[in-house]
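Start counting the sequence shown at 10; every next residue gets the next number (the working numbering).
These notes are about the structure you will find just below.
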Amino acid sequence: MSWSGAVAAASLWQLRTSARWPLSVYGRGVSVRSCSSGMTLDGLNRAIVDRIIRVDHAGEYGANRIYAGQMAVLGRSSVGPIIQKMWDQEKEHLKKFNELMVAFRARPTVLMPLWNVVGFALGAGTALLGKEGAMACTVAVEESIANHYNNQIRTLMEEEPGKYKELLQVIKKFRDEELEHHDIGLDHDAELAPAYTVLKNIIQAGCSAAIYLSERF
Ligand SMILES: [Fe+2]
Ligand SMILES: [Fe+2]
10 MSWSGAVAAA SLWQLRTSAR WPLSVYGRGV SVRSCSSGMT LDGLNRAIVD
60 RIIRVDHAGE YGANRIYAGQ MAVLGRSSVG PIIQKMWDQE KEHLKKFNEL
110 MVAFRARPTV LMPLWNVVGF ALGAGTALLG KEGAMACTVA VEESIANHYN
160 NQIRTLMEEE PGKYKELLQV IKKFRDEELE HHDIGLDHDA ELAPAYTVLK
210 NIIQAGCSAA IYLSERF
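Structure below.
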């Protein structure tokens, strides 16, 4: 997909989201209280909040696509229900960031169409190595996301924790659930995947690049 195509797709996605939660319900002033989250827009460091919501939304979307790819390959295997359970939690994570995106008027990354394809390919590709490959992917990605959430928690704590109380609660809860997914991966033989350490390092380098790009674009 071309760059302009990606931008158009992201804009279309935003339009669809806006249609469900019209921005007008939050009024024109920045101090209007949002309906869905109870958080206000006043007095916040908008640059930080925009960046956090955009990248976390992208990350949760990517995680959903990874689990979709894993289920396409391993859905009927013994680990199918375990992967499905983690995917269901990722759906909740994504739903929350969809809501926060509207409440805080943040925009999604223009790279969403790319994460759609790359996420699914990563999930399906590692699942083709067997359940150990899928679980190695889960360990690598979830560790990266948990570290990323910890960095954000530090950033918000340094800003002014009181102002970001609810956002912090969301990020901490999701960080804990990502760590549970990480541990589930380890419990299901992730480390027995072929070339586990190399695979994990490559995937985590990809996660770092995806985080860097999604924060900025
Ligand atoms: Fe998640
Ligand atoms: Fe997760």
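Glycine included, each C-beta is placed from N, C-alpha and C at the ideal position.
The model shown is predicted, which means the values in this text are computed figures rather than measured ones.
1. So the candidates are Gln93, Gly68 and Glu187; which of them puts its Cα closest to the Cα of glycine 78?
2. Determine the burial state of isoleucine 154: buried for a count of at least 16 other Cβ atoms within 10 Å of its Cβ, exposed for fewer.
3. Of all residues in the structure, which have a C-beta closer than 6 Å to any heavy atom of ligand 1, taken in chain order?
4. In three-state DSSP terms, what is glutamate 69?
5. Quick one: does the C-beta of methionine 95 sit closer than 8 Å to a heavy atom of ligand 2?
6. How many angstroms separate the CA atom of histidine 66 from the CA atom of isoleucine 57?
7. Could you name the residues of the same chain whose beta carbon sits closer than 6 Å to that of alanine 115, not counting the 5 residues immediately before and after it, in chain order?
8. Leaving out five residues before and five after glutamate 151 in sequence, what residues of the same chain have Cβ atoms less than 6 Å from its Cβ?
9. Within its chain, find whatever has a CB closer than 6 Å to the CB of glutamate 224; leave out the 5 residues flanking it on each side and keep chain order.
10. Measuring alpha carbon to alpha carbon, tell me which of Arg74, Glu200 and Arg184 ends up nearest methionine 121.
11. Say yes only if the C-beta of histidine 197 is nearer than 8 Å to one or more non-hydrogen atoms of ligand 2, and no if none qualify.
12. Suppose contacts are defined by Cβ-Cβ distances below 9 Å. Is leucine 103 in contact with valine 148 by that definition?
13. If I measure Cβ to Cβ from alanine 136 and keep anything under 7 Å in the same chain, skipping five residues before and after, which residues do I get?
14. Comparing the CB of histidine 190 with every heavy atom of ligand 2, is any distance shorter than 8 Å?
15. Might you give, ordered along the chain, the residues of its own chain that have their beta carbon closer than 6 Å to the beta carbon of glutamine 213, omitting 5 neighbours on each side?
16. Is it buried or exposed for alanine 112, if we count other Cβ within 10 angstroms and need 16 for buried?
17. Enumerate in chain order the residues of its own chain whose CB-to-CB distance from phenylalanine 183 is below 6 Å, with the five nearest sequence positions on each side excluded.
18. Less than 8 Å between the CB of glutamate 152 and some heavy atom of ligand 2, yes or no?
In terms of the structure at hand:
1. Gln93
2. buried
3. Glu69, Ala72, Glu99, His102, Phe183 and Glu187
4. helix
5. yes
6. 14 Å
7. Asp59, Ile62 and Arg63
8. Glu187, His190 and His191
9. Arg60 and Val64
10. Arg74
11. no
12. no
13. Gly78, Gln79, Val82, Leu83, Gly142 and Ala143
14. yes
15. Ala149 and Ser153
16. buried
17. His102
18. no
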